[in-house]
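Residue numbers (the working numbering): 490 to 734.
Note sheet for the following structure.
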Ligand SMILES: NC(=O)c1ccc[n+]([C@@H]2O[C@H](COP(=O)([O-])OP(=O)(O)OC[C@H]3O[C@@H](n4cnc5c(N)ncnc54)[C@H](OP(=O)(O)O)[C@@H]3O)[C@@H](O)[C@H]2O)c1
């Protein structure tokens, strides 16, 4: 038996777009993919973070670019994704990572904040996937990683907007997977638990202690390894937790 059958894929030379790639989990994923030789374009609102991250990515010897747009504006997402796809010369991988966490009770959170969480987290994933899909369909393959959350599997106090947005991302992602696997597009729904980042530390969810709490690099290595699996294999859903935070 040839053990080549078991080899993971080489993803060197592929082109990826990571939304929210200027900091946090998105930045870690962008760097982990670049370390594998993937050309990585990133998006976000903070141009300085994006520029600095593009510099770091390019130092790893791959092509990189960024686009500044807000993920809740469909026309801006479409234009930004198309520009990046053109710069990279196609898109093989989309990591739908941009998102916000706003926490508070149903009674106290202003409706505008509640709506903005849904718009950013749910519509953002939908707009970016829709913008990238024509490129993957034309190529006959692609990978889309949708970053939901364990909060999307079960609601709880102070997280109604965030949990509802992420539950909707899980559902949207499952539908996407069912529709697009026929086009050789792997749609992967990830539901990570708390990982040290601006969102989780500023939100008071964790102190981010690296001895105990998941770090963005742990998440990034997991995403990289999922993407490196042979194309016949699709990790449809996955959760990751800190072992003993
Ligand atoms: N950290 C955790 O514990 C955890 C757990 C489960 C799931 N997640 C999910 O993982 C993803 C990344 O989270 P993180 O912890 O890395 O958060 P973070 O450090 O707060 O970073 C959020 C990222 O999303 C981008 N973003 C937010 N709103 C945006 C908008 N309207 N338009 C464009 N970009 C926007 C930000 O870019 P700019 O700063 O440039 O706007 C930033 O790159 C999110 O979807 C989050 O819900 C996180």
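All C-beta atoms in this analysis are idealised placements derived from N, C-alpha and C, irrespective of residue type, glycine included.
Three-state secondary structure assigned by DSSP to residue i
i	result
residue 623	helix
residue 670	helix
residue 688	helix
residue 491	Residue placement at residue 491 is flagged as unreliable, the pLDDT there being 47, under the threshold of 50; the coordinate-derived value follows with that caveat. Coil.
residue 665	helix
residue 513	helix
residue 546	helix
residue 618	helix
residue 557	strand
residue 523	helix
The beta strand (DSSP E) enclosing residue i, as first and last residue numbers
i	result
residue 585	582 to 585
residue 682	Careful: residue 682 lies outside any beta strand (DSSP E) and carries neither H nor E.
residue 607	Where residue 607 is concerned, there is no enclosing beta strand (DSSP E), although the alpha helix (DSSP H) it sits in stretches over 600 to 607.
residue 696	Unbroken run through residue 696: none, as it is neither H nor E.
residue 728	726 to 729
Sequence-distant residues of the same chain with beta carbon closer than 8 angstroms to residue i, five excluded per side
i	result
residue 624	574, 579, 580, 631
residue 490	Its pLDDT being 45, under 50, residue 490 is placed unreliably by the model, and the measurement read from it follows with that caveat. Here the set comprises nothing.
residue 571	620
residue 613	508, 560, 561, 566, 585, 587, 588
residue 718	497, 498, 724
C-beta contact flag for residue i and residue j at 7 angstroms
i	j	result
residue 589	residue 606	yes
residue 586	residue 511	no
residue 712	residue 731	no
residue 546	residue 523	yes
residue 676	residue 633	yes
residue 685	residue 697	yes
residue 655	residue 641	yes
residue 725	residue 666	yes
residue 536	residue 551	no
residue 637	residue 658	yes
Same chain, Cβ closer than 7 angstroms to residue i, five either side skipped, listed in chain order
i	result
residue 647	592, 593, 594
residue 663	678
Boundaries of the alpha helix (DSSP H) in which residue i is found, first to last residue
i	result
residue 570	563 to 577
residue 712	705 to 716
Residues near residue i by beta carbon distance below 6 angstroms, same chain, minus five either side
i	result
residue 688	590
residue 555	531, 539, 543
Three or more beta-carbon pairs under 8 angstroms between the segment 518 to 536 and the segment 494 to 504, yes or no?
Yes: the two stretches touch, three or more of their Cβ pairs being nearer than 8 angstroms.
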